[in-house]
Every structure is written in structure tokens, then in C-alpha cells.
Ligand code: SF4
Ligand code: SF4
Ligand code: SF4
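Residue numbers (the working numbering), protein chains in the order written: chain A, 9 to 698; chain B, 222 to 419.
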């Protein structure tokens, strides 16, 4: 295997059943499948059949970095995972996850583009990787440890404090369907149940130390110039780029003179950050400040970033009161993990405790947030009593610390009612006989259950058919932030946004203000397709969703236009594969078609239109205004129009060159994308439209 | 705490230097390594003080390690934190679980640079412009004395090449400082009270 530019050149294959360790040549997959998600899907397609169940030893946990991981490319230190998911519902199909932190880069410095974990160890083990030395080690002493202790112990056993680890908590060990894999304080392979898959293999975690390098094709200067240009356009997290007073108050970027970090040993005055100052870009006030204006902000020690990220979305917090509950006092906060438990009467300690509990137990807040609402509703409507549930509902009035500690532990350890909740919300609700109420939106005032059994993170009723389409076409919560980034977090004026949308997607109609849905227009389909493709690119290069693609810029002279070609430029510079924006887009389209093919195989039907591409009932009705995260959703007059959304689906398939009746890729399309083998295989399974 | 520890390091550094000087004299006064001794004393030529230095601020640092990536990319031609001359990762574990006050390690461009004094080949020289202490790779013969001599472990010795690297302030335009998105690294006037600053 020769040394490549960008790619490390080999993928580590670890079989836990027979302890065989192999190195797969990355060149088999590149540049055709890019890296990250693209290669992960290809391995899934080639090696795991549609009949394999997520927790079977035959399922594989594919952890893939990309050609940019570990380089100077901004926000590139990420890792993508692909597996058969125990979390998705109603079908346990192939899904993807992506996380930040430092471990993706460490894997690359160790000389690998990724790791394929297969089989099942007879007893708990962990994998230790030190450059080309790979060992499968006993993990009996780690089993049962929380994610922080387990990582520290594994790093200690590496005898190199620069090692990085990723582990499961008790939740993963107990095969909680929604369990996550945790790295460092809070980086997580979340939605999808990756922790349960790891647990099913008796694998506690992976620890990596890499001392090697990631080479690039271009000169350092060339990369640097490109990086500087990119930095001048990229926004604060979530594309929150335009400071007030120009930007609206909703802007993620709340520049102000009196900004301070007060939670650390010394109070630090940050003040107003000039958007043009590249040496202070990570000090911009954003997530932490936006979510925790008020009491929690008192604990904000600093912004903290993933490997090679100049944006730093996370808030590092220290809450000494945690010692009272026996919970680690320092943690990182971002987005929902920060606020998933924050009922009106709760203390901020309870909110932070809830956050630390999910990270140390390895639970998924996106599922838990629904459980809290559902349980409360069941309790209020007399469907369940405190005694039956074994959960102290009354404690919520006193702050909720006991309530949330009990709930989290019950689920993670599958105790009592927790055993049902550990099945994830849709399956658990079904067992409790309330799934219909959930799907109709009658439970808990607001349903929050969208496609694939996941919490409706950006409601299609607020973000139009565009997000409706990305929701149904994906295999999980799509978690792509272009749309909300533009209309919610950027702070840009809708007129300016519409001009950008016109330039990118062909019409101003592509984007609606939040909750003001206009009838479907083909530019909305184009927008959705662009989101899908840039999503593949994000998870394959990788770049970070909270920053890329660069749809908008904070730059009035550019009329706030970003630059959608940046990813292809970075890719070409680093790998030496000279791809234009269109060529990279084509590769992304190939991967997305492969994603669809994998889905068809998992669902055992080519007619995804009627089955997979489905939104629950409630999305065709109006939105109730009670909502836990007020910035994510805003009330809208009515829901989506059923007929209109079907038109949207038909047009999306048409624009993709897919069969309009079933939503399946046609032979013609697959062959055009150099996926003839995929078409043949689908045809042999009778899953190719005529 | 932090700064006390550093002061202690400085003291040790000073003691070590004096010892080297005395050691050389004890061998009989013959000056084998003209730089192996404190400036001015025993007739050794003085090293001019550095004019600038890169300093790290623990409170602002976001732990992104762009500095390590920039240093290795720009100076070694490939991203490789293990070959940087600025270190965040070495002491990352100490703080990430407790207080988030990352200890970034940069070269102090010491007054009595022990690295320089320790090199019998005189491969460590003083840059004309910045007065940074740098390794002349053409002269470096891979002894590794400099690495052992640096009280702060700031010399990065490449086993495969058998050559040492240390921070040379990038000729006056530090790449690490340019890439730091938090002003946690700053290019400032050199000051012997390095550890008391900030
Ligand atoms: S390498 Fe070490 S001894 Fe030499 S100047 Fe830098 S800190 Fe001082
Ligand atoms: S100044 Fe230059 S050589 Fe020194 S640590 Fe920074 S990037 Fe590396
Ligand atoms: S680039 Fe700056 S903020 Fe990032 S790790 Fe280095 S010193 Fe810290």
C-alpha cells in the first residue's frame, strides 16, 4: 500500500470472533466513494446482507474518517459511522452517524482511513491501536464503568497520555437501542444506536494513538490560502453569522461589548468580536451564550473546539454542585444535550446533571427528551402512577434532580419500566399502548416523533417541504442545518436569503420564512437534493454540518453569498484528485443512490414511496405551540398539505431520475453513476423498478 | 499553581546551566564547547536575548490543536502533530476532565538556552532577525543532547531522520499564532519573566 495524498491508504478490519486483524486497501474505494460515509455505505452494501439484524455478530460497525480528517481544513476532525441500526423504526435499516472530537484525526495519524469492527467477542474486550500495532485486550475490568472512567483507564493502559478513546457506557452494554458511543466529554456517535451495536459485540471501546502524518498533494501555502479564504466566509456555529443590529435577534452570533466567560478560575472579558478577526473567531458568542443566557452562563468556562476547528461550538462548563450527586463536575454542552431536561421548575443543576448523566451512561438525549414528555403526559392523564413507574414525578416540582437521575439510570440499566423505554420511543410507546396517540400528536401536547422513529429535529411544518423531503429520504434524523441555518440562526434578512436561494436553487420560492409554507415549487426539490448531496460530502470529506456548506457569508459586499465550491477545492488540494464542484457533487449523488439501494435492500421492497418515505399523521395538521426548544420550532398556521407533499415527492424522484411511482433508482440512473453492479444486484433481488 | 510550577522549572533550568558551566571548567579549563556555559562567565560568548516569543494562554485556548497542525503542515509539509514544535496534546488529558485549562507548551527562547549550550556541534544557532534559537539542520548530527537539555521538553527529536527540531519563530511570522482562532497563542516581546506574564 503506497502513501497517498489525503487518504491514509488503508482501513483496519478487526474481527472480534476470530481475533483476525487485517488491513484493507483504501484504493479499492477511491476516489469513487470519496471517504467517510461513501466508503462506509459501499462496505455495507458489499459485506452485510439485508437480512442481518443490528445486534447480530454479522452486523458491522464501520467507523470512517475522510481524506480531510487531520488536516488544516477547517472543522474537518470528524468521524463517520455506518451500521445496521437498532434505533430506527419501523425497520432496522442501515444508518449513519458522525462525531467530532479528536479521535477521527488520531485514527488517521495512526495510519488508517477507518476501522471496520465485525463479529463478536466471547467476553468484554477493548481494542488498542498504536500506529501499526493493534491489540484486542481484555475489558472485564472496564465493563460497567462510566464513559469517563473507562476512557481514562484505557488511555492509562496505553501508557501514552496523547491517546484518544471512544467507549460505550452502561447503556451500550445493556443494549439500549438508542445507546451512543462517547469520546472525550461529549462527542458522540448518537442517533442510530451505535452504542448498542458496539455493546452487542462485547466491545467496550477503542483507544488509539497515532504518530504518523496526513500528506497533501498541494503545497502548504496553497492549502493555507484556501483555508484562510474559507475562514473568511465561514460562520459561527449553525451558520449564525450576522451580528445584531443588522442580524435579527435570533442570530446565533450575538456580538456584544460585555460578553464574558465567568465559570473558570478567572473571569475573562471577551467583548465584541469583529467578524473579520480570524484570530478571535472561536471567541464569538454563540451556542453557549445563546442557550444559557441566564443562570447556566455562570458556569461557562470557555468555548471549546474539536480537532482543527476554528469555530468551537461547544461550551465547557464546570458545575461544582455535581459532586453532590456523584456526577463529574465538568462537561461539554451543545445544543439539545444541554437543554434536553429543563422543565420550568427545574434548577439549572438538574439540567446539567441530566446532561452529565447521558454522557457518562452513554444515553441519547434525542430519545430521552421524548420520554420525559410522554411519561409526564401519561402520568397527568392517569395512565401511569408514580408507584407503577417507579419514577418520582413529584420530584419535578422540587427541581427534578431525583426524577432525572432515576429515569436515566432505569433506562441505561434496563430496570423496571426502563427496560421498555430502552427500546426507544416508538417501540416502547407501542408496548405501553400509546403509540397511536404519539403519532397523531395527541400525547404530550406535541408529538415530536418524526420519520424513522426519531425526534423531529426541525419540524417540516416550520421548515417546509424541503425539510419534509430530507426527513423522508434519509434513514435517520437528517440533521442538516442549511435551512434552519439560513432562516433561523444566520440573522440575515429574508430578502437577502431569498436572493441567495435564487442563485443557488433557481428561485426565491426555494425557501420560506419559518412556518410560512408556500406551495411546492421545483426549486424546493433542488434545495432538498443539494442538502442531501452536501450532506454526503460533509460526512465523507468530512466537514462539520454546523459550518458547511458555506451557503451564506457574513459579508455584505458579497450580498451574503457563501461559496458552495469550497469543499471541492479543499478536496482537490489535499487529495490531488482535481474535481470541480460538479464532479464532487456527482460523486455525492452516487453515494446517495447507493444509500437508497442499501435502504431498498434493508426494506426488502423497491416501493419506498409508500413505506419508507413517510411522515407521521401529525405533520399534516397544525402545530401546537407548546414546545421544549422554542428556537427550533415555531407555530405555523397549518401543517403540510398531503397532496402538495405527494407532488413534492414525485418531483424529487423525477429530478433524481428515480422511478416516480416507487421512488427507487432506475437502472439508467445507476448506470449513469457507474453503479451497474448495484443495479445488477438489485435486479437479481427483484428490487429494481421495471 | 501553574506559574509556580513554571518558576520551579526555570530554577532547575538555571541550576542545570550553572552545573554544565562548572563541569566544563572542572575538566581543566579547556574550552571544548565554547557555548557550553552561561553567557559572559568563564569567557564564553554571550547569547543575545530573543526579541520575540510565542506565548500560550490556558484560559482562552479552545483545545483545537490547529497550532500543532499548522506548525507541522507549514514546517514539515504534512499534518503531523507529533512533529510540531508547539504542544497542546501532550497535556490535554490533564485538564480536559477537570478544569479545561489546557496547558499549551511553547519554546521560551531561553535567555541561557540550555538546548543551544548542550550542542557540541553548535547546530543550534541564533536567528539574526528574531534572535530565536534554531536548529541548523545542515549541522545537526543527531546527538539529541539538546532534547535532553531542554528543561521544558520543547525540542522535538525525529528518530527516523536523527535530527532535532525546535521552534524558530518561523522567521518572525509564526504559523501557529496565525492559525490560532482564540488568540490563545500570541507573538509577543520576549521577556525573561515569561511565567509571570498574563
Ligand atoms: S528548546 Fe527548550 S531550552 Fe531551548 S530555548 Fe526552547 S525552551 Fe529553552
Ligand atoms: S512559531 Fe513556527 S516553529 Fe514555532 S511553534 Fe509556531 S509554527 Fe512552530
Ligand atoms: S490553535 Fe490556539 S486555541 Fe487551538 S489549541 Fe492551539 S493555542 Fe489552543
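Cβ atoms here follow ideal geometry from the backbone N, Cα and C, with glycine treated the same way.
Let me confirm a value: residue 293 (chain A) is counted as buried when at least 16 other C-beta atoms fall within 10 Å, else exposed. Which label applies?
That one is buried.
Measure the alpha-carbon distance for residue 311 (chain B) versus residue 79 (chain A) and round it to whole angstroms.
When rounded, the distance between both Cα atoms is 19 Å.
Quick one: Cα of residue 243 (chain A) to Cα of residue 562 (chain A), how far?
Distance between the alpha carbons of residue 243 (chain A) and residue 562 (chain A) is about 7 Å.
Under a CB-based cut-off of 8 Å, is residue 414 (chain B) close to chain A?
No, its Cβ sits nowhere closer than 8 Å to a Cβ of chain A.
Considering only the alpha carbon of each residue, which of A:222, A:236, A:166, A:684 lies closest to residue 12 (chain A)?
Minimum Cα distance to residue 12 (chain A) is reached at A:222.
Using the C-alpha atoms, what's the distance from residue 268 (chain B) back to residue 255 (chain B)?
Because residue 255 (chain B) carries a pLDDT of 43, less than 50, the predicted location of this residue cannot be relied on, and no value is offered for it.
Could you check which residue in A:24, A:17, A:38, A:37 has the C-alpha nearest to that of residue 31 (chain A)?
Looking at A:24, A:17, A:38, A:37, the one whose alpha-carbon comes closest to that of residue 31 (chain A) is A:17.
With three or more C-beta pairs closer than 8 Å as the rule, is the segment 465-481 of chain A touching the segment 616-631 of chain A?
Three or more Cβ pairs drawn from the segment 616-631 of chain A and the segment 465-481 of chain A lie within less than 8 Å of each other, which places the two stretches in contact.
8 Å Cβ shell around residue 85 (chain A) - same chain, five flanking residues per side excluded
Once the five neighbours on either side are set aside, the close Cβ partners of residue 85 (chain A) are 77, 78, 108, 109, 110, 112, 113, 314, 315, 316, 317.
Sub-8 Å separation of residue 142 (chain A) and residue 173 (chain A) beta-carbons:
Note that the C-beta distance between residue 142 (chain A) and residue 173 (chain A) is not below 8 Å.
Which listed residue (A:91, A:592, A:581) has its alpha carbon closest to that of residue 572 (chain A):
Checked all of A:91, A:592, A:581; the closest Cα to residue 572 (chain A) is A:592.
Who are the near neighbours of residue 517 (chain A) in its chain, counting only those whose CB is closer than 6 Å to its CB and skipping five residues on each side?
Excluding its 5 nearest sequence neighbours in each direction, residue 517 (chain A) has C-beta neighbours in its own chain below 6 Å: 529, 531, listed in chain order.
Please decide whether residue 10 (chain A) counts as near chain B, where near means a Cβ-Cβ distance under 8 Å.
No - not a single Cβ of chain B is within 8 Å of the one on residue 10 (chain A).
Enumerate in chain order the residues of its own chain whose CB-to-CB distance from residue 611 (chain A) is below 7 Å, with the five nearest sequence positions on each side excluded.
Closer than 7 Å at the Cβ level, and outside the excluded window around residue 611 (chain A), lie 99, 101, 619, 620.
Say whether chain A places a C-beta atom closer than 8 Å to the C-beta of residue 322 (chain B).
Residue contact check for residue 322 (chain B) against chain A: a CB pair falls below 8 Å.
I'd like to check one pair, residue 217 (chain A) with residue 145 (chain A): are the Cβ atoms closer than 8 Å?
No, the pair does not count as a contact, with Cβ atoms beyond the cut-off.
Just checking: is the beta-carbon of residue 287 (chain A) within a distance shorter than 8 Å of some beta-carbon in chain B?
True, the Cβ-Cβ gap to chain B drops below 8 Å.
So is residue 331 (chain A) buried or exposed if we call it buried at 16+ other beta carbons inside 10 Å?
Classified as exposed, residue 331 (chain A) has fewer than 16 neighbouring CB atoms from the shown chains inside 10 Å of its CB.
Tell me which residue opens and which closes the beta strand (DSSP E) that residue 355 (chain B) is part of.
Residue 355 (chain B) -> beta strand (DSSP E) spans 354-356.
Simplified DSSP state of residue 470 (chain A), which is helix, strand or coil:
In this structure, residue 470 (chain A) counts as helix in the three-state DSSP scheme.
Alpha-carbon spacing of residue 697 (chain A) relative to residue 67 (chain A), whole angstroms
When rounded, the distance between both Cα atoms is 27 Å.
Contact set for residue 658 (chain A): own chain, Cβ-Cβ below 6 Å, skip 5 residues either direction
Answer for residue 658 (chain A): 668, listed in chain order.
Report the rounded CA-to-CA distance for residue 176 (chain A) versus residue 649 (chain A), giving the unit in angstroms.
The straight-line gap separating the alpha-carbon atoms of residue 176 (chain A) and residue 649 (chain A) is approximately 42 Å.
Proximity below 8 Å, CB of residue 465 (chain A) to CB of residue 374 (chain A):
Yes, these two residues count as a Cβ contact at 8 Å.
Check whether the Cβ of residue 315 (chain A) lies closer than 8 Å to any Cβ atom in chain B.
Judged by the 8 Å Cβ criterion, residue 315 (chain A) is in contact with chain B.
Look at the Cβ atom of residue 654 (chain A), then the Cβ atom of residue 447 (chain A), and state whether they are nearer than 8 Å.
Not a contact, by the Cβ cut-off of 8 Å.
Residue 117 (chain A) versus chain B: which residues are under 9 Å apart at the beta carbon?
Annotation: Cβ neighbours of residue 117 (chain A) in chain B (cutoff 9 Å, chain order): 300, 301, 302, 303.
Bounding residues of the alpha helix (DSSP H) (the contiguous stretch that carries residue 369 (chain A))
It spans 356-369 - the alpha helix (DSSP H) in which residue 369 (chain A) sits, taken as one unbroken run.
With distances taken from CA atoms, which of A:21, A:39, A:34, A:124 is nearest residue 584 (chain A)?
Among A:21, A:39, A:34, A:124, the Cα nearest to that of residue 584 (chain A) is on A:39.
Quick one: complete alpha helix (DSSP H) runs, 4+ long, within the segment 211-244 of chain A?
Within the segment 211-244 of chain A, the complete alpha helix (DSSP H) runs of at least 4 residues are 228-241.
DSSP three-state label for residue 181 (chain A), please.
DSSP, read as helix, strand or coil, puts residue 181 (chain A) in helix.
Tell me, please, whether the segment 19-38 of chain A touches the segment 126-142 of chain A by the rule of three or more beta-carbon pairs shorter than 8 Å.
The segment 19-38 of chain A vs the segment 126-142 of chain A: in contact.
Looking only at its own chain, which residues have a Cβ that is under 8 Å from the Cβ of residue 354 (chain B), when we skip the five neighbours before and after it?
Apart from sequence neighbours up to five positions away, the residues of its chain that approach residue 354 (chain B) with a beta-carbon distance below 8 Å are 268, 271, 328, 330, 331, 334, 336, 337, 345, 346, 347, 348, 387, 389, ordered along the chain.
Nearest to residue 437 (chain A) by alpha carbon, out of A:506, A:74, A:462?
Minimum Cα distance to residue 437 (chain A) is reached at A:462.
For residue 219 (chain A), which residues in chain B fall below 7 Å Cβ to Cβ?
What residue 219 (chain A) touches in chain B: 303.
Is there a Cβ of chain B sitting closer than 8 Å to that of residue 693 (chain A), yes or no?
Among the CB atoms of chain B, none fall inside 8 Å of the CB of residue 693 (chain A).
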